[in-house]
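Asker: Attaching a single structure in structure tokens format; questions to follow.
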Amino acid sequence: MSIEPALAALDETTFDSVLCVVAHPDDIEYGTSAAVAKWTAAGKRVRYFLLTRGEAGIDTMDPVDAAPARADEERASAAVVGVEEVEFGDHSDGTIEYGLPLRRDIAAAIRRARPDLVIGTTFDVTFPGGILNQADHRAVGLATVDACADAGNRWIFPELVDDGLEPWHVKLLAVGGSQRPSHFVDVTGHLDDAIESLEEHRLYNSALPEDFPQPAQLLGHILGEGGQAVADPAVEHALLLEVFER
Numbered sequence: 002m003s004i005e006p007a008l009a010a011l012d013e014t015t016f017d018s019v020l021c022v023v024a025h026p027d028d029i030e031y032g033t034s035a036a037v038a039k040w041t042a043a044g045k046r047v048r049y050f051l052l053t054r055g056e057a058g059i060d061t062m063d064p065v066d067a068a069p070a071r072a073d074e075e076r077a078s079a080a081v082v083g084v085e086e087v088e089f090g091d092h093s094d095g096t097i098e099y100g101l102p103l104r105r106d107i108a109a110a111i112r113r114a115r116p117d118l119v120i121g122t123t124f125d126v127t128f129p130g131g132i133l134n135q136a137d138h139r140a141v142g143l144a145t146v147d148a149c150a151d152a153g154n155r156w157i158f159p160e161l162v163d164d165g166l167e168p169w170h171v172k173l174l175a176v177g178g179s180q181r182p183s184h185f186v187d188v189t190g191h192l193d194d195a196i197e198s199l200e201e202h203r204l205y206n207s208a209l210p211e212d213f214p215q216p217a218q219l220l221g222h223i224l225g226e227g228g229q230a231v232a233d234p235a236v237e238h239a240l241l242l243e244v245f246e247r
């Protein structure tokens, strides 16, 4: 019988700035926002980069109307956890393709933000527990891994240097929702921050099926299971991450 290695606490003294890279409005709010609230309260600078405005996410709302509305909800959601800098890309929600344009856009965002830590999303086909992962998440997740290397190499996408974006070497890369978490962030005491942040997505949440878990139930489950995985009674809630030093 295989024994899972113990999760290590992420050394939060090794970074002062963070860039979260995701596909859609609300992706950060399914757990990562609890860590963001902890970090901004400690004085760390956190920025968000979203590749779309989530315009295809509400069946009853035309994408032309949904895009600005969902972008506004994301800005309000970010403000709850102390994030003022929210940037959006112009990729099409639901049809993001992995490739050089996607890598270039993320590399450019990294060079603009110049973060110590980049947090992306899993590119696995499924999340832990077997729930299928969505295509945009997978494309953006994998491109974020590659863009961390691209951001540090001036000869990859040299046009970025021409635009004034000098190379930037990311020290830490973390992947949320991974099947292979290696580290945890103790977010005990920040569950309510995460719930309030997710609740700001009022239009999107109201369009979900009636049996879809409410923010308090959903985040209590996600972060509560993270706390159980840590196996430390002092850690009630935790964000699990697969972390790579670069």
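The end of the sequence shown is residue 247 by our numbering, with every number in the run present.
Yeah, the Cβ is synthetic: ideal placement off N, Cα and C, and Gly gets one too.
All values reported here derive from a predicted model rather than from experimental measurement.
#1: Bridge partners of VAL126, per DSSP?
#2: Between the alpha carbons of PHE124 and LEU143, how many angstroms are there, rounded?
#3: Between THR61 and the rest of its own chain, which residues show a CB-CB distance below 8 Å, the 5 nearest in sequence each way excluded?
#4: Anyone know if the C-beta pair for TYR49 and ALA79 falls short of 7 Å?
#5: How would you call ILE29, buried or exposed, if buried means at least 16 neighbouring beta carbons within 10 angstroms?
#6: Measure the alpha-carbon distance for VAL22 versus PRO234 and round it to whole angstroms.
#7: Answer with buried or exposed for HIS170, where buried requires no fewer than 16 other C-beta atoms within 10 angstroms of its C-beta.
#8: Using a Cβ-Cβ cutoff of less than 8 Å, which residues in the same chain neighbour LEU166 once the five nearest sequence positions on both sides are dropped?
#9: Measuring only the C-alpha atoms, how far is ALA232 from HIS238?
#10: Smallest Cα separation from VAL236: which of HIS191, ARG203, ARG115?
#11: From this set, HIS222, TRP40, VAL65, which residue's C-alpha is nearest THR14's C-alpha?
#12: Using only the alpha-carbon positions, how far apart do MET2 and LEU241 sit?
#13: Considering Cα atoms alone, identify which of ARG54, ILE132, ALA42 is closest to VAL81.
#14: Taking the alpha carbon of THR127 as the point to measure from, which residue in GLY177, PRO216, HIS92, GLU197 has its own alpha carbon closest?
#15: Can you say whether ASP27 is buried or exposed, counting buried as having 16 or more other CB atoms within 10 angstroms of its CB?
#16: Compute the Euclidean distance between the alpha carbons of HIS202 and ASP73, then round it to the nearest angstrom.
#17: Assuming VAL119 and LEU174 form a contact by the criterion Cβ under 8 Å, report the distance between their Cβ atoms to the nearest whole angstrom.
#18: What does the Cβ neighbour count give for ASP94, buried or exposed, with the cut at 16 atoms within 10 Å?
#19: Taking the straight line between their C-alpha atoms, what separation do you get for ILE4 and VAL186?
Answerer: Well, looking at it:
#1: According to DSSP, which records beta bridges pairwise, VAL126 is partnered with nothing at all.
#2: Taking the Cα positions, PHE124 is about 6 Å away from LEU143.
#3: ALA208.
#4: In contact: TYR49 and ALA79 (Cβ atoms closer than 7 Å).
#5: In the assembly as shown, ILE29 is a buried residue. Its beta-carbon has 16 or more other beta-carbons within 10 Å.
#6: Their Cα atoms are separated by approximately 31 Å.
#7: Under this definition HIS170 is an exposed residue.
#8: When the five nearest sequence neighbours on each side are left out, the beta carbons in the same chain lying within less than 8 Å of the beta carbon of LEU166 are those of ALA109, ARG112, ARG113, in order along the chain.
#9: For ALA232 and HIS238, the distance between alpha carbons rounds to 11 Å.
#10: Residue HIS191 holds the alpha-carbon nearest to the alpha-carbon of VAL236 among HIS191, ARG203, ARG115.
#11: Scanning HIS222, TRP40, VAL65 for the CA closest to the CA of THR14 turns up TRP40.
#12: In this predicted model, MET2 has a pLDDT of only 36, less than 50, meaning its place in the structure is not dependable enough to derive any value.
#13: By alpha-carbon distance to VAL81, the top candidate from ARG54, ILE132, ALA42 is ALA42.
#14: Each of GLY177, PRO216, HIS92, GLU197 was checked against the Cα of THR127, and the nearest Cα belongs to GLY177.
#15: Buried, since its Cβ has 16 or more Cβ neighbours within 10 Å.
#16: Approximately 9 Å, taken between the alpha carbons.
#17: About 5 Å separates the CB atoms of VAL119 and LEU174; that is less than 8 Å, so the two are in contact.
#18: Buried, since its Cβ has 16 or more Cβ neighbours within 10 Å.
#19: Below a pLDDT of 50, predicted positions are generally treated as unreliable, and ILE4, at 45, falls in that range; the measurement from the model is reported next regardless. Distance between the alpha carbons of ILE4 and VAL186 is about 21 Å.
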